[in-house]
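> There's a structure below that I have some questions on.
Residue numbers (this note's numbering), protein chains in the order written: chain W, 927 to 1082; chain X, 927 to 1082; chain V, 927 to 1082; chain Y, 927 to 1082; chain S, 927 to 1082; chain R, 927 to 1082.
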């Protein structure tokens, strides 16, 4: 199977999307960070006051999505028209699950932007909490759904 | 438990490490991307020729580590003195496992740099292969070990 | 009053502008730096020769405007179609007043880009002159006017 | 008076600080944003819940300080060892005053980093509130104090 | 002859392209790096295995093209729709010649993006090989052709 | 001959310089842009007034040097302690020759920083003048000399 990101000499290239039709595209990606009870409660206690950890992670995720084309070598720069990140608690497993929704109107999809948003936000959780728990695990970063574009809709 | 990244008003701050003693610090982080057999074989067939996917991911990981302080809001900029990323195949599970080793001599550790290296490299795998498989999952991003610094060594 | 940059959980989001109609948008912003006579004359003496301070500030302002979406967390990346910065002398007060005019054709305005241009250019004046005068004050950074977009025109 | 940032041909240069002695350096800078009562109360009402505006501004300020050498053409890149930003309310004038404290151990001071932190944070206030009030004014951005370095201490 | 990048006061400005008609634009740029036989063979021996030097240079060139508007002060940010870099060997002269092809649909051309791609890729060759040969020379960076835009097609 | 930037699997790595001794390091690099008489005179006529082209190129070169570790994948981030760029006219050949001098105190050299400074400045000349002459050629980018570091001094 030929990889789209390689040219005929098998060197990386940025795929030519010039002939694609611009359309509205949305991608949702999710990911989880699992932590100790102590770290989990530090987030929530904090949360009752100012939500510093959660909000810092959300802001980092939004800014990280805007950096996607700088981080992922073959990604196209694009106009992101909206980003929203939701944080869900799992009080039994001491986990936070993040869902990022990214939207654009253009010639390329925003799957990578949604994945970068989730990934950067989860890493920020790690950074804010690593003094309490170094064993935290980031897991299950995956595309939940996408709409728009020639390759059609995708739903996990 | 007080979070080190918050000030007395519970607003985020960049921790003052000015009084810490510079020392040699090393961090190892790992992470996995699981994919379909078809995607897995596309990487390896490619690999037999020029290793385009693996090498692009490694380069992205190294460059991503250098961007850590731009991505993670409370991270200190620092001098990275070395980065090496290893890619391991799991032919039975169709997974690639990455291990990033980052080194510095300074006042702060490089756990976040190692985690960012792994995370960016795994996202690059996803980007290069998403035309073949959109269901890939990035998982088990975690700190394997760290040495140096006042908080002492850590081994998972 | 609901803030547009917050979602229903009061966490920051990048507003969805996907449904807005693209239009030509222009924003003008201004700001002032007040300094000692000695610093003021150093700029002008220099100016008679090569205008190094003023021109460095203008270039920094133009480049700063292009970084707006990296600096301001909830700002959309956008295509800037033109930037021009004017520098006006006030020989009596030893002040320089800057006016930045930024233009785009898109779904979001360029107020923040014009304000970032002015702000970065003024900070560059400060940097170039701080060896002479550390008491300089940057003041009156404000939007002068904007045209285009659904919210209509604005004139101070 | 010769400007340190110009070479003998009056072209800009990055000053050679190679022979300076590294020392602990701290800079404090402040700045104010004045707004309508309506905007002011939107921040505080918000603040009672999650402090979204204030916290987003603080995070932007910290990240902006780290970008100083990218924004200000002749600034040296440096290792910032700590950043803290304080936000003070003025309920009578509907103003927020920000004070940024930046610290380093090195060969150059962090005045510009402190000024960039304040400036970026104030611009973020503007961005978050501009849907309510476009007439806000950013003012009185100035260096409050600095310690360390050959040129000695400064206090406004 | 008036320079388009200067305003009426001879200060730099970003040219207003707002009234230009968007069109498909392509630019090809080339450049050469000449090196010792020893360095040349190190690339090729390497190439037989994994092509590490060539591929790292190509990736750097693609990422460098995306940074054009950050590097070149008066360049507009734009949507790049495709980048491909070809590397040609000259076994007699121990030279590599690179050709970058960049495409966009927009209001400004991509000459600078193609030149930045070539330039960054050539510098990366230098970096990867400088331990073997410090006398390498980068030369003949030039625009080969451009199509699209009001100023018409160009062919060297 | 083994390339230092490759690991035992021939994948790129950032060389570990942790054990190197910090020292003062200086690098000088040069490069030339050749142009038509018309373009050449446009620079100089401009130069008689405000030197806009030359000064913009110098500023771009200084800022480009600071971006070296973002552009060149395996380059270490480092503290640059000084940058100076000289521009020399060749009135007979209609060429400008640039020499960049970069200095650091650290564990790695600044050859790449000096080469990036020259390269970015020359590309900026091209950008500022391309409306007059698209046939300009950038050539002879090379390291002139370096001092400091274990590999010893180099002089072309």
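Yeah, the Cβ is synthetic: ideal placement off N, Cα and C, and Gly gets one too.
#1: Within this structure, are the beta carbons of residue 1008 of chain R and residue 1029 of chain R separated by less than 8 Å?
#2: Within its chain, find whatever has a CB closer than 6 Å to the CB of residue 1051 of chain S; leave out the 5 residues flanking it on each side and keep chain order.
#3: State yes or no: is the beta carbon of residue 933 of chain S nearer than 8 Å to at least one beta carbon in chain V?
#4: Give a yes or no on whether the minimum CB-CB distance between residue 1000 of chain Y and chain R is below 8 Å.
#5: Is the Cβ-Cβ distance between residue 1003 of chain X and residue 992 of chain Y less than 8 Å?
#6: Return helix, strand or coil for residue 1032 of chain R, following the three-state DSSP convention.
#7: Apply the 10 Å Cβ neighbour rule to residue 951 of chain Y and answer buried if 16 or more other Cβ atoms are within range, or exposed otherwise.
#8: Between residue 1041 of chain W and residue 1067 of chain W, is the Cβ-Cβ spacing less than 8 Å?
#9: Just tell me which of S:985, S:965, S:1001, S:994 has its CA closest to the CA of residue 1015 of chain S.
#10: Excluding the 5 residues preceding and the 5 following residue 1031 of chain V in the sequence, name in chain order all residues of the same chain whose CB lies nearer than 8 Å to its CB.
#11: Looking at the strands, I want to know which residues DSSP matches up with residue 1021 of chain S.
#12: Using 10 angstroms around the beta-carbon of residue 1018 of chain S, count the other beta-carbons present and answer buried if the total reaches 16, otherwise exposed.
#13: Cβ closer than 8 Å: which chain W residues qualify as neighbours of residue 1113 of chain S?
#14: Evaluate residue 1053 of chain X with the Cβ neighbour count: other Cβ atoms within 10 Å of its Cβ, from every protein chain shown; 16 or more gives buried, anything less gives exposed.
#15: Here's the rule I'm using: 16 or more other beta-carbon atoms within 10 Å means buried, otherwise exposed. How should residue 930 of chain X be labelled?
#16: Quick one: what does DSSP say residue 953 of chain W is sitting in, helix, strand or coil?
#17: Cβ of residue 993 of chain R less than 8 Å from any chain S Cβ?
#18: Should residue 1077 of chain R be labelled buried (16 or more other beta-carbon atoms within 10 Å of its own) or exposed?
#19: Just tell me which of Y:1000, Y:1021, Y:987 has its CA closest to the CA of residue 996 of chain V.
#20: What is the rounded straight-line gap between the Cα of residue 967 of chain V and the Cα of residue 1059 of chain Y?
#21: Strictly below 8 Å CB to CB, what residues from chain R border residue 960 of chain V?
#22: The ligand HEM and residue 1025 of chain Y: does the residue's C-beta get closer than 7 Å to at least one heavy atom of that ligand?
#23: Please return the same chain residues whose Cβ sits closer than 8 Å to the Cβ of residue 944 of chain R, not counting the five positions on each side in sequence.
#24: Assign residue 1061 of chain R to one of two classes, buried (16 or more other C-beta atoms within 10 Å of its C-beta) or exposed (fewer than that).
#25: Hey, residue 1036 of chain S and residue 953 of chain S are a contact pair by Cβ (cut 8 Å); roughly how many whole angstroms apart?
#26: Under 8 Å Cβ to Cβ from residue 1079 of chain V, same chain only, skipping five residues before and after it: list those, please.
#27: Tell me which same chain residues have a C-beta within less than 7 Å of the C-beta of residue 1075 of chain W, skipping the five on either side of it?
#28: Relative to the alpha-carbon of residue 1001 of chain Y, which residue among V:1055, V:1044, V:999 has its alpha-carbon at the smallest distance?
#29: Just the Cα atoms here: how many angstroms apart are residue 938 of chain S and residue 978 of chain R?
#30: Can you give me the C-alpha to C-alpha distance between residue 1039 of chain V and residue 994 of chain V, rounded to a whole angstrom?
#31: How long is the line joining the alpha carbons of residue 1063 of chain R and residue 956 of chain S, rounded to whole angstroms?
#32: Assuming residue 971 of chain X and residue 1010 of chain Y make a contact with CB atoms under 8 Å, what is their CB distance in whole Å?
#33: Within 8 Å of any Cβ in chain X, is that where the Cβ of residue 1004 of chain W sits?
#34: Given this structure, state the Cα-to-Cα distance separating residue 1020 of chain V from residue 969 of chain V, to the nearest angstrom.
#35: Is the separation between the beta-carbon of residue 999 of chain V and that of residue 985 of chain Y shorter than 8 Å?
#36: Any beta-carbon of chain R closer than 8 Å to the one on residue 1013 of chain Y?
For this structure:
#1: Position 82 of the sixth chain holds residue 1008 of chain R. Position 103 of the sixth chain holds residue 1029 of chain R. Yes, Cβ-Cβ distance for residue 1008 of chain R and residue 1029 of chain R is below 8 Å.
#2: Reading the fifth chain from its first residue, position 125 is the one you call residue 1051 of chain S. For residue 1051 of chain S, where only same-chain residues beyond five positions count, the Cβ hits under 6 Å are 959, 983.
#3: Within the fifth chain, numbered from 1, the residue matching residue 933 of chain S stands at position 7. Yes, its Cβ sits closer than 8 Å to a Cβ of chain V.
#4: Walking along the fourth chain from the start, residue 1000 of chain Y turns up at place 74. Residue 1000 of chain Y counts as touching chain R.
#5: Reading the second chain from its first residue, position 77 is the one you call residue 1003 of chain X. Reading the fourth chain from its first residue, position 66 is the one you call residue 992 of chain Y. Yes, the Cβ-Cβ distance between residue 1003 of chain X and residue 992 of chain Y is below 8 Å.
#6: Your numbering for residue 1032 of chain R matches position 106 in the sixth chain. Reduced to three states, the DSSP call for residue 1032 of chain R is strand.
#7: In the fourth chain, the residue the question calls residue 951 of chain Y occupies position 25. Buried is the call here.
#8: Translated into positions along the first chain, residue 1041 of chain W becomes position 115. Translated into positions along the first chain, residue 1067 of chain W becomes position 141. Result yes, Cβ atoms of residue 1041 of chain W and residue 1067 of chain W sit closer than 8 Å.
#9: Locating residue 1015 of chain S in the fifth chain gives position 89, where the first residue counts as 1. A check of alpha carbon separations from residue 1015 of chain S across S:985, S:965, S:1001, S:994 identifies S:965 as the nearest.
#10: Taking the first residue of the third chain as 1, we reach residue 1031 of chain V at position 105. So the qualifying residues of the chain are 948, 949, 950, 951, 1005, 1007.
#11: As a position in the fifth chain, residue 1021 of chain S is number 95, starting the count at 1. As computed with DSSP, residue 1021 of chain S is found in a beta bridge with S:960, S:1016.
#12: Residue mapping note: residue 1018 of chain S aligns to position 92 of the fifth chain, counting from 1. Counting Cβ neighbours within 10 Å, residue 1018 of chain S comes out exposed, since fewer than 16 surround it.
#13: Outside the modelled stretch of chain S, which goes from 927 to 1082, sits residue 1113 of chain S, for which no answer is possible.
#14: What you label residue 1053 of chain X is simply residue 127 of the second chain in a count that begins at 1. Buried.
#15: Within the second chain, numbered from 1, the residue matching residue 930 of chain X stands at position 4. The residue in question, residue 930 of chain X, is exposed, as its Cβ has fewer than 16 Cβ neighbours within 10 Å.
#16: To locate residue 953 of chain W, count along the first chain from 1; it is residue 27. Note: residue 953 of chain W maps to strand in three-state DSSP.
#17: Sequence index remark: in the sixth chain, residue 993 of chain R carries index 67 (1-based). Yes, residue 993 of chain R counts as interfacial toward chain S.
#18: Translated into the one-based positions of the sixth chain, residue 1077 of chain R becomes position 151. It counts as exposed.
#19: Here residue 996 of chain V refers to the residue found at position 70 of the third chain. Cα-wise, what sits closest to residue 996 of chain V is Y:987.
#20: Along the third chain, read from residue 1 onward, the residue named residue 967 of chain V stands at position 41. Along the fourth chain, read from residue 1 onward, the residue named residue 1059 of chain Y stands at position 133. The straight-line gap from Cα to Cα measures roughly 37 Å.
#21: Here residue 960 of chain V corresponds to residue number 34 of the third chain, with the count starting at 1. Going along chain R, no residue has its Cβ under 8 Å from residue 960 of chain V, so there is no contact; the nearest lies around 24 Å.
#22: Judged by which ligands are present, the structure shown has none, so any question about the ligand HEM falls away.
#23: Here the question's residue 944 of chain R lines up with position 18 in the sixth chain. The residues are 1033.
#24: As a first step, residue 1061 of chain R must be located in the sixth chain, where it is residue number 135. Exposed, because fewer than 16 other Cβ atoms sit within 10 Å of the Cβ of residue 1061 of chain R.
#25: By one-based count along the fifth chain, residue 1036 of chain S stands at place 110. By one-based count along the fifth chain, residue 953 of chain S stands at place 27. Sure, about 5 Å apart at Cβ, within 8 Å.
#26: In the third chain, the residue the question calls residue 1079 of chain V occupies position 153. 1071, 1072, 1073.
#27: Numbered from its first residue, the first chain carries residue 1075 of chain W at position 149. Counting only residues of its own chain and dropping the five nearest sequence neighbours on each side, residue 1075 of chain W has a CB closer than 7 Å to the CB of 949, 951, 1035.
#28: The residue given as residue 1001 of chain Y occupies position 75 in the fourth chain. The shortest C-alpha separation from residue 1001 of chain Y is found at V:1055.
#29: Mapped onto the fifth chain, residue 938 of chain S falls at position 12. Mapped onto the sixth chain, residue 978 of chain R falls at position 52. Whole-angstrom Cα-Cα distance: 7 Å.
#30: Mapped onto the third chain, residue 1039 of chain V falls at position 113. Mapped onto the third chain, residue 994 of chain V falls at position 68. Straight-line Cα distance between these residues: approximately 6 Å.
#31: By one-based count along the sixth chain, residue 1063 of chain R stands at place 137. By one-based count along the fifth chain, residue 956 of chain S stands at place 30. Whole-angstrom Cα-Cα distance: 10 Å.
#32: Position 45 of the second chain holds residue 971 of chain X. Position 84 of the fourth chain holds residue 1010 of chain Y. Residue 971 of chain X to residue 1010 of chain Y, Cβ: 53 Å. No contact.
#33: Counting from one through the first chain, the residue named residue 1004 of chain W turns up at place 78. No, because no Cβ of chain X sits closer than 8 Å to the Cβ of residue 1004 of chain W.
#34: For this step, residue 1020 of chain V is matched to residue 94 along the third chain. For this step, residue 969 of chain V is matched to residue 43 along the third chain. Each residue's alpha carbon lies about 10 Å from the other.
#35: Taking the first residue of the third chain as position 1, residue 999 of chain V is located at position 73. Taking the first residue of the fourth chain as position 1, residue 985 of chain Y is located at position 59. Result yes, Cβ atoms of residue 999 of chain V and residue 985 of chain Y sit closer than 8 Å.
#36: To locate residue 1013 of chain Y, count along the fourth chain from 1; it is residue 87. Residue 1013 of chain Y does not count as touching chain R.
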